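This report refers to the structure that appears directly beneath it.
Protein chains in written order, with UniProt numbering: chain A, 1 to 452; chain B, 1 to 452.
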């Protein structure tokens, strides 16, 4: 018999995300009888995802039920778990903000788009605190680092941020030709800013294998024609960061350095991006990002076909095995006291990542069981890495978190003034003025007391 | 009867500094019988300063004796207090480094010149640890913040950093037309990065008086023709920083923001400097700095005349009253247990400035008496100020301190990459290469394992 829980997905219109969760839930007998509330403001996509969920569940003969709503507060009623995957305004708003950034001199845009996101996060978190205060909030939409820290400071919720980036060590193992079952890894830091503190192959330190690869094979790897269309983990930039600071940056870390104070120099223009991330200039270049959007769109088309064509099976796209997504296994660990170790983003209580405030959400390993989540503390990160990468990243995050928490225009402006591309106060102020004037930022402008 | 102490001045060739200390010592009966060792590597200037000191002492009929040496280790023998005021390579090396910075795209140079300074500081500190480990090291040469933090991390010495900047509140009082004897002020932060946390006139909060001045009189002040040839404390930049972050920046703070992550936007070129600091563009512009050097040179000429012309009196230039310089009064407080409150830079033990590491040297009020120096803790600085100014400044200082402590090239490079004017990795690396190739950096290049 399973333990039935009520899971609410905010931003459920993302077919791939929602179907992944539903599939994981369907193949997890421990959670049989559970109910999923799909919530999104896009009715068309919501209806589609509901059909998808029901098809998947039927194909898998699972005991999971579904409902949908566009009303967030209704959705939260009696929820045990709330997954927040919502992207404010979707890809369109992201791209429009990026374009505005470029107009004001910021190639590929700035981190301003984090503010509408964090504004929504706070709204959701406050609703949860009122409607289902004992629920776990599982945050997967970005910015996980700043957003979770902000919500932790402003509410009493149980907050857990999750991300896939930490699996990047497997890509290193793959390129080095190591058998993955013998590879172990530990990482810690902040989300999208994690470092490989321990890397072993068959129990032995595997860093020397990486060093040898850099010496003997890296140039050939970077030169080869069938280079992955985006490459972060084994890019020239990742290796250069390793050589600068002494530990490998994992997952999103080597790409996130973009205009975050450390690593901006890999991203000054497309040519520089191509030099450091291969022919497409990495995931975040105009070329890499377009590929990503195309791929996403192809995937959505595939899903749509599978749902609408009765002759196709949804399980061909979502095979009936637990994915690498940690969400459902963690829920199972929590409600059924099945202890497991996961990669989590949780408040830094007791100084899990040493040298940073307790009210910051850090990324680390976490032991999850019926009593909750306990972060696993490691040795302090090396002094060099802390001074060169962790402090600068933390300092920028603090400015962003506090700008949103206080609704303070000058801190928001400071976030921009810290961007390496900003050339003058006038530039930053002009950009902010136009950004706030967009009707989609109307609520945000009120928070920051901007009166156009 | 006074308590005789042995005071060693490193870099004693600075006539103005040394004579100021000697004068203060001569007028302080509590330290009668003391001996001052003047140490410098410039024999000519050293001889001159010795004559100056003896003239002053004779005119004041003081019981203070002097000796000179170019041998630092001899100078330190049995010292009770070591004053470090040395500037490596003097103004010439500073100007040459600045020129090199400008060649590589950094208007008015960068903070690289802090490294030769910190390298010397460490040498001196290690000598003291060996030769006179119980002495107090009083650091007045810059960078006081990074340098004292570095020495504190690397030695067990009693370290005290001193600076005049905190008196800046008197300039505010003066411009506001307040009678100085009724004005009190508290500041805290890091050296050259302190903020006016408490400002009172006749016991009442005086910030409203400042706000009124800004509303009604500031524009006229900034526009007036007889504007001070450099102005930091009441400059447009200082007021703008106050408006951004909520507290007044004091003393060197509104000028030091130059290329330190916060405030770079006031310093992009001479025109911008003039807009924010008046017609000469402030103390650090090419115009303001030349005035400063000229003034210094005039002062030295005056002193030289007074020493060499028997018909003149040195006490006309250094009148026989205790100056505002805290060094001698603090020595008196320490050795004669005369309790006083001073503005000090000391290790942040117990978190005097809250939210920053204990191994950082912070600026605060300190109670000084026969037992030593106890920092006075204040309320935490406002969250906005911390996020917008203190964290970024701290993060940059950490990178500089740790770069020097570890002798790490990549952290040194990171300090440059954090400079807002850096446009590419190539630019920063090229600049560093040429800087290290200067013969005056030969020892430093070894520390950083640079092999040209």
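Cβ coordinates follow ideal geometry from the N, Cα and C atoms, glycine included.
Because the structure is a prediction, the values reported are computed rather than measured.
Cβ pair residue i, residue j closer than 7 Å
i	j	result
residue 246 of chain B	residue 382 of chain B	yes
residue 344 of chain B	residue 366 of chain B	yes
residue 353 of chain A	residue 188 of chain A	yes
residue 13 of chain A	residue 42 of chain A	yes
residue 83 of chain A	residue 159 of chain A	no
residue 57 of chain A	residue 64 of chain A	yes
residue 300 of chain A	residue 15 of chain A	yes
residue 165 of chain B	residue 251 of chain B	yes
residue 388 of chain A	residue 432 of chain B	no
residue 375 of chain A	residue 401 of chain A	no
residue 362 of chain A	residue 190 of chain A	yes
residue 178 of chain B	residue 128 of chain B	no
residue 66 of chain B	residue 86 of chain B	no
residue 263 of chain A	residue 274 of chain A	no
residue 93 of chain A	residue 349 of chain A	no
First and last residue of the uninterrupted alpha helix (DSSP H) at residue i
i	result
residue 340 of chain B	Where residue 340 of chain B is concerned, there is no enclosing alpha helix (DSSP H), although the beta strand (DSSP E) it sits in stretches over 340-347.
residue 145 of chain B	144-154
residue 288 of chain B	286-308
residue 412 of chain A	409-417
residue 100 of chain A	90-103
residue 389 of chain B	Per DSSP, residue 389 of chain B belongs to no alpha helix (DSSP H) and is neither H nor E.
residue 24 of chain B	15-26
residue 117 of chain A	114-131
residue 174 of chain B	168-176
residue 222 of chain B	218-223
residue 260 of chain A	Element bounds for residue 260 of chain A: n/a, residue is neither H nor E.
residue 244 of chain A	236-245
Delimiting residues of the beta strand (DSSP E) encompassing residue i
i	result
residue 374 of chain B	372-375
residue 35 of chain B	35-39
residue 273 of chain B	Unbroken run through residue 273 of chain B is the alpha helix (DSSP H), 270-277; no beta strand (DSSP E).
residue 362 of chain A	361-369
residue 139 of chain B	136-139
residue 317 of chain B	Segment: none, residue 317 of chain B is in no beta strand (DSSP E) and carries neither H nor E.
residue 82 of chain B	81-84
Cβ neighbours of residue i in the same chain (closer than 6 Å, five flanking residues each side left out)
i	result
residue 62 of chain B	26
residue 407 of chain B	447, 448
residue 68 of chain B	38, 46, 50
residue 242 of chain B	248
residue 516 of chain A	There is simply no residue 516 of chain A to check, as chain A begins at 1 and stops at 452 in what is shown.
residue 377 of chain A	352
residue 201 of chain B	178, 182, 183
residue 424 of chain B	none
Same chain, Cβ closer than 8 Å to residue i, neighbours up to 5 away in sequence not counted
i	result
residue 277 of chain B	230, 231, 232, 235, 236, 237, 255, 266, 283, 285, 288
residue 396 of chain A	260, 261, 415, 418
residue 21 of chain A	7, 9, 36, 83, 325, 327, 328
residue 78 of chain B	6, 132
residue 296 of chain B	16
residue 303 of chain B	15, 16, 19, 52, 314, 317
Residues bridged to residue i (per DSSP)
i	result
residue 187 of chain B	B/196
residue 69 of chain A	A/39
residue 201 of chain A	A/183, A/204
residue 158 of chain A	A/136
residue 6 of chain A	A/35
residue 250 of chain B	B/194
7 Å CB neighbourhood of residue i in its chain, flanking five on each side removed
i	result
residue 98 of chain A	108, 109
residue 168 of chain B	233, 250, 251
residue 332 of chain A	28, 30, 31, 338
residue 122 of chain B	150, 151, 154
residue 422 of chain A	416, 428
is_contact[residue i, chain C] using C-beta, thresh 7 Å
i	result
residue 354 of chain A	Absence of chain C from the displayed structure is noted, the protein chains being A and B.
Check your understanding: Is the segment 133-143 of chain B in contact with the segment 284-292 of chain B, if contact means three or more CB pairs nearer than 8 Å?
Key -> no
Check your understanding: Does the segment 99-115 of chain B come close enough to the segment 129-137 of chain B that 3 or more CB-CB pairs lie under 8 Å?
Key -> Short answer: they don't touch.
Practice item. Specify whether the segment 331-345 of chain B and the segment 26-35 of chain B touch according to this definition: at least 3 beta carbon pairs, one from each stretch, less than 8 Å apart. Key: yes
Check your understanding: Between the segment 302-316 of chain A and the segment 354-365 of chain A, do three or more beta carbon pairs fall short of 8 Å?
Key -> The way I'd put it, the segment 302-316 of chain A doesn't touch the segment 354-365 of chain A; fewer than three beta-carbon pairs between them come closer than 8 Å.
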